[in-house]
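Notes for the one structure printed next.
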Amino acid sequence: MHREQNKSQQYHAQVRFLFHATVKIKIPVAYSVLLLDDLFSIMESVDYQYNSYRKNSYFDLINRSAGSFVEVDDFTIFLLNKIKEVASFFDGLYDISIMPLLRLWGFYQSGENRRLPSQEELQAALQKIDFRKIELEGNKVRIQKGQELTTGSFLKAFAVDRVVKELKRAGVSDALINAGGSTIRYLNDESHPFWDIRVYDPDVREQLLFGLKLSNGCFSTSAQKETRIVIDGKEYGHILNPKTGFPAANKQVGIVGKNAFEGDMLSTALMNVPSEQWKPLLKQLDERWGVSGFVIDENRKITFSDNFNENMTTE
Amino acid sequence: MEVVKKIVLYLFGLFILLFGNRKGPESGVSTQEPNVDLNKDIEKRFHVHTLLYNTIQDRLTNPAVHFRTERIDVGSVEKTSSPSKKTQTETAKPEDASGTK
Chain A
426 MHREQNKSQQ YHAQVRFLFH ATVKIKIPVA YSVLLLDDLF SIMESVDYQY
476 NSYRKNSYFD LINRSAGSFV EVDDFTIFLL NKIKEVASFF DGLYDISIMP
526 LLRLWGFYQS GENRRLPSQE ELQAALQKID FRKIELEGNK VRIQKGQELT
576 TGSFLKAFAV DRVVKELKRA GVSDALINAG GSTIRYLNDE SHPFWDIRVY
626 DPDVREQLLF GLKLSNGCFS TSAQKETRIV IDGKEYGHIL NPKTGFPAAN
676 KQVGIVGKNA FEGDMLSTAL MNVPSEQWKP LLKQLDERWG VSGFVIDENR
726 KITFSDNFNE NMTTE
Chain B
310 MEVVKKIVLY LFGLFILLFG NRKGPESGVS TQEPNVDLNK DIEKRFHVHT
360 LLYNTIQDRL TNPAVHFRTE RIDVGSVEKT SSPSKKTQTE TAKPEDASGT
410 K
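Sequence order for the protein chains is A and B.
Taking this note's numbering, the leading residue of the first sequence gets 426, the next gets one more, and so forth.
Taking this note's numbering, the leading residue of the second sequence gets 310, the next gets one more, and so forth.
Given below as structure tokens:
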């Protein structure tokens with residue numbers, strides 16, 4: 426039974442385009458709109474300093490210095506340690522050194538002359554993918570020559586977590602950040618005990634699957650449908666399997682967790698996990714990271730973690 | 310009578326303007342001798358960091374613990390957030406999830 430809440434509560438809401446996504450931040454009208462500027466500045470700062478697609482960011486320097494150690498800041502080391510922890514848990518089914526494969530398929534490039542990669546090309550790219558070869562020594566990082574890291578699967582979420590930290594510091598206890606729909610982080614207090622989140626069908630965008638009532642956490646979604654390329658008339662999703670070199674078979678994953686950074690990494694990783702492993706794996710994820718979630722496979726079968734249904738509504 | 314009063318006040322104001330603060334500039338000059346010992350131990354009062362030149366990376370490094378400003382690439386500044394900063398007023402309406410990473 427969910428508590429009643431004041432639905433007339435009003436918020437300042439501002440939308441900006443960051444990390445190739447539409448980011449919306451909502452704070453109660455009792456706070457100044459100037460706070461929104463500060464919050465977006467935090468996200469911009471993370472973008473400038475860490476986005477691998479941005480020239481002279483720390484991750485860009487690591488990529489451009491492949492083969493040599495590069496001095497980075499504490500946050501970069503923190504991020505890489507967490508990433509390696511998740512990558513290790515999934516035995517490489519999540520791997521941020523996947524950029525050579527993304528380039529081979531033609532993601533994040535112009536759409537001219539796209540074709541399916543040959544088996545030889547795939548093997549050559551796969552050999553470069555190995556998170557274990559990301560070496561950390563103090564505040565220095567080195568990747569192997571030919572390797573390239575991408576921050577696409579986690580950086581937006583990390584920026585959202587930084588925003589939440591600032592919100593808490595400013596005393597805001599009721600707010601929402603919707604970063605592209607794939608990362609929705611929310612704060613709640615007694616005046617507003619939960620936020621309503623709507624989850625849609627991965628194949629039919631307008632078809633509502635179910636609603637969620639969520640409080641003080643993050644909902645992370647990964648799906649193939651939203652970002653894809655077309656080769657010879659067939660669609661290929663942007664989440665690639667670092668083991669096979671082909672797009673992940675699963676259609677959609679949703680994770681309810683404590684923070685966005687971990688949630689986004691876990692949802693991306695689960696896109697590559699075969700359906701027969703989901704039930705025990707979701708249990709392990711709950712024990713280790715305190716998350717719940719669901720996975721929709723290529724046959725549209727939905728598997729929920731045992732602790733997920735309590736949040737669901739059919740409104 | 311009123312005209313005479315105005316003229317007298319005008320002349321009084323002019324007098325004050327011209328002669329009212331004659332000692333002003335002179336009174337600001339200090340006759341105190343400069344204290345030459347004041348900055349004698351200046352190096353003891355500050356941390357002195359020695360920068361080392363790294364010939365491999367072609368850059369100066371500071372081995373001492375120090376603060377540094379956050380690095381911002383001003384060479385090719387590209388504003389990523391949209392220029393529109395319109396703030397809307399919303400209620401706690403439902404949010405849509407989607408899978409764009």
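Where is the CB? At the ideal position from N, CA and C, for every residue including glycine.
Nearest-angstrom beta carbon gap, A:Gln-435 and A:Ile-450 [assumed within contact, 8 Å]: Numbered from its first residue, the first sequence carries residue 450 of chain A at position 25. Numbered from its first residue, the first sequence carries residue 435 of chain A at position 10. With 8 Å as the limit, A:Ile-450 and A:Gln-435 do not qualify as a contact, their Cβ atoms being about 15 Å apart.
Go ahead and pull the three-state DSSP assignment for A:Val-716. Residue 716 of chain A sits at position 291 when you count from the first residue of the first sequence. Residue state, collapsed to three classes: coil.
Quick check on the burial criterion: 16 or more other C-beta atoms within 10 angstroms. Buried or exposed for B:His-358? If you number the second sequence from 1, residue 358 of chain B lands on position 49. Exposed: under 16 other Cβ atoms inside 10 Å.
Here's the rule: buried if 16 or more other CB atoms are within 10 angstroms of the residue's CB, otherwise exposed. What is A:Gly-688? The sequence position of residue 688 of chain A within the first sequence is 263, counting from 1. With 16 or more other Cβ atoms within 10 Å, it is buried.
Examine chain A for any beta-carbon lying closer than 8 Å to the beta-carbon of B:Ala-401, and answer yes or no. Taking the second sequence and counting its residues from 1, one reaches residue 401 of chain B at position 92. It does; some Cβ of chain A falls within 8 Å.
Output, in chain order, the set of chain B residues within a Cβ distance shorter than 9 Å of A:Asn-603. Along the first sequence, one-based indexing puts residue 603 of chain A at 178. Ordered by position in chain B, the residues that pass the 9 Å Cβ test against A:Asn-603 are Glu-404, Asp-405 and Ala-406.
Within the 8 Å Cβ cut-off, does A:Ala-455 reach chain B? To locate residue 455 of chain A, count along the first sequence from 1; it is residue 30. For A:Ala-455, the answer is no, since every Cβ of chain B falls outside 8 Å of its Cβ.
Does DSSP put A:Tyr-661 in a helix, a strand or coil? Here residue 661 of chain A refers to the residue found at position 236 of the first sequence. A:Tyr-661: strand per DSSP, three-state reduction.
9 Å Cβ cut-off: residues of chain B touching A:Asp-621: The residue given as residue 621 of chain A occupies position 196 in the first sequence. Result: Ala-401, Lys-402, Pro-403 and Glu-404.
Rounded distance between the beta-carbons of A:Phe-484 and A:Thr-576, thought under 8 Å: Within the first sequence, the letter at position 151 stands for residue 576 of chain A. Within the first sequence, the letter at position 59 stands for residue 484 of chain A. Right, the Cβ-Cβ distance comes to about 5 Å (below 8 Å), so this counts as a contact.
Please name the residue in A:Asn-736, A:Leu-691 and A:Ser-598 whose C-alpha comes closest to that of A:Tyr-611. For the purposes of this step, residue 611 of chain A is taken as the residue at position 186 of the first sequence. Comparing Cα positions, the closest option is A:Ser-598.
Bridge partners - B:Thr-370, DSSP secondary structure assignment: Position 61 of the second sequence holds residue 370 of chain B. According to DSSP, B:Thr-370 bridges with B:Leu-361.
Residues sharing a beta bridge with A:Ile-452, DSSP: Taking the first sequence and counting its residues from 1, one reaches residue 452 of chain A at position 27. Partner(s): A:His-437.
Does any residue of chain B bring its CB to less than 8 Å from the CB of A:Lys-451? Mapped onto the first sequence, residue 451 of chain A falls at position 26. Chain B has a Cβ within less than 8 Å of the Cβ of A:Lys-451.
Using the C-alpha atoms, what's the distance from A:Phe-579 back to A:His-437? In the first sequence, the residue the question calls residue 437 of chain A occupies position 12. In the first sequence, the residue the question calls residue 579 of chain A occupies position 154. Rounded to whole angstroms, A:His-437 to A:Phe-579 spans 26 Å at the Cα level.
Does A:Ala-455 pass the burial test, meaning 16 or more other C-beta atoms within 10 Å, or should it be called exposed? Position 30 of the first sequence, counting from 1, holds the residue named residue 455 of chain A. An exposed status is given to A:Ala-455, since fewer than 16 other beta-carbon atoms sit within 10 Å of its beta-carbon.
With 8 Å as the threshold, decide whether the Cβ of A:Ala-438 is near any Cβ in chain B. As a first step, residue 438 of chain A must be located in the first sequence, where it is residue number 13. Yes, because at least one Cβ of chain B sits closer than 8 Å to the Cβ of A:Ala-438.
Assuming A:Gly-682 and A:Gly-636 make a contact with CB atoms under 8 Å, what is their CB distance in whole Å? Locating residue 682 of chain A in the first sequence gives position 257, where the first residue counts as 1. Locating residue 636 of chain A in the first sequence gives position 211, where the first residue counts as 1. Not quite, the Cβ-Cβ distance comes to about 18 Å (not below 8 Å), so this is no contact.
Local Cβ density within 10 Å of B:Ala-373, reported as buried at 16 or more and exposed below that: Residue numbering aside, residue 373 of chain B sits at position 64 when the second sequence is read from its first letter. By the 10 Å Cβ count, B:Ala-373 comes out exposed.
Of the choices A:Val-655, A:Glu-723, A:Pro-699 and A:Asp-711, whose alpha-carbon is the least far from that of A:Leu-541? Here the question's residue 541 of chain A lines up with position 116 in the first sequence. Taking each of A:Val-655, A:Glu-723, A:Pro-699 and A:Asp-711 in turn and checking the Cα distance to A:Leu-541, the smallest one comes out for A:Val-655.
Please compile the residues from chain B whose C-beta is within a distance smaller than 7 Å of the C-beta of A:Gln-632. Numbered from 1 along the first sequence, position 207 holds the residue referred to as residue 632 of chain A. Against chain B, the beta carbon of A:Gln-632 has no neighbour under 7 Å; the closest one sits roughly 12 Å away.
Going by beta carbon distance, what residues of the same chain come within less than 6 Å of A:Asp-520, once the five residues before and after it are set aside? Here residue 520 of chain A corresponds to residue number 95 of the first sequence, with the count starting at 1. Taken in chain order, the residues that qualify are Ala-512, Ile-554, Phe-556 and Pro-667.
If we ignore side chains and look at the alpha-carbon of each, how far apart do A:Thr-669 and A:Ser-522 end up? Here residue 669 of chain A corresponds to residue number 244 of the first sequence, with the count starting at 1. Here residue 522 of chain A corresponds to residue number 97 of the first sequence, with the count starting at 1. Inter-residue distance for A:Thr-669 and A:Ser-522 is about 14 Å (C-alpha atoms, whole angstroms).
Classification of A:Tyr-475 by the beta-carbon crowding that lies within 10 angstroms, buried from 16 upward: Locating residue 475 of chain A in the first sequence gives position 50, counting from the first residue. Its Cβ being crowded by 16 or more others within 10 Å, A:Tyr-475 is buried.
8 Å Cβ cutoff met for A:Lys-676 and A:Gln-649: Along the first sequence, one-based indexing puts residue 676 of chain A at 251. Along the first sequence, one-based indexing puts residue 649 of chain A at 224. Going by beta carbons, A:Lys-676 and A:Gln-649 fall inside the 8 Å limit.
Proximal residues, the segment 557-573 of chain A versus chain B, C-beta separation under 9 Å: For chain B, none of the residues of the segment 557-573 of chain A brings a beta carbon within less than 9 Å of one of its beta carbons.
Between A:Tyr-625 and chain B, is there a C-beta pair that is closer than 8 Å? Within the first sequence, the letter at position 200 stands for residue 625 of chain A. Chain B places a beta carbon closer than 8 Å to that of A:Tyr-625, counting this residue as a contact.
Would you say A:Val-458 lies against chain B (beta-carbon separation less than 8 Å)? Working through the first sequence from its first residue, we reach residue 458 of chain A at position 33. Judged by the 8 Å Cβ criterion, A:Val-458 is in contact with chain B.
Go through its chain and collect everything with a Cβ distance to A:Ile-508's Cβ below 6 Å, but skip five positions before and after it. Position 83 of the first sequence, counted from the first residue, corresponds to residue 508 of chain A. Result list for A:Ile-508: Ile-521, in chain order.
Is there a C-beta anywhere in chain B that falls below 8 Å from the one on A:Gly-679? Reading the first sequence from its first residue, position 254 is the one you call residue 679 of chain A. Interface annotation, A:Gly-679: in contact with chain B, CB-CB separation under 8 Å.
My parser needs the alpha helix (DSSP H) runs of 4 or more residues fully inside the segment 512-580 of chain A; what are they? Unbroken alpha helix (DSSP H) runs of no fewer than 4 residues, entirely contained in the segment 512-580 of chain A, are found at 524-530 and 544-553, following chain order.
Continuous alpha helix (DSSP H) stretch holding A:Asp-462: start and end: Stepping through the first sequence from its first residue, residue 462 of chain A is reached at position 37. Element bounds for A:Asp-462: 459-475.
State the start and end residues of the unbroken beta strand (DSSP E) segment that holds A:Arg-623. Residue mapping note: residue 623 of chain A aligns to position 198 of the first sequence, counting from 1. Here the beta strand (DSSP E) through A:Arg-623 covers 620-625.
Chain-order list of residues whose beta-carbon lies under 6 Å from that of A:Thr-501 (same chain, five-residue window excluded): Within the first sequence, numbered from 1, the residue matching residue 501 of chain A stands at position 76. Closer than 6 Å at the Cβ level, and outside the excluded window around A:Thr-501, lie Tyr-483.
Spatial neighbours of A:Arg-713 in its chain, beta-carbon cut-off 8 Å, leaving aside the 5 residues before and after: Against the first sequence, residue 713 of chain A aligns to sequence position 288. So the qualifying residues of the chain are Phe-514.
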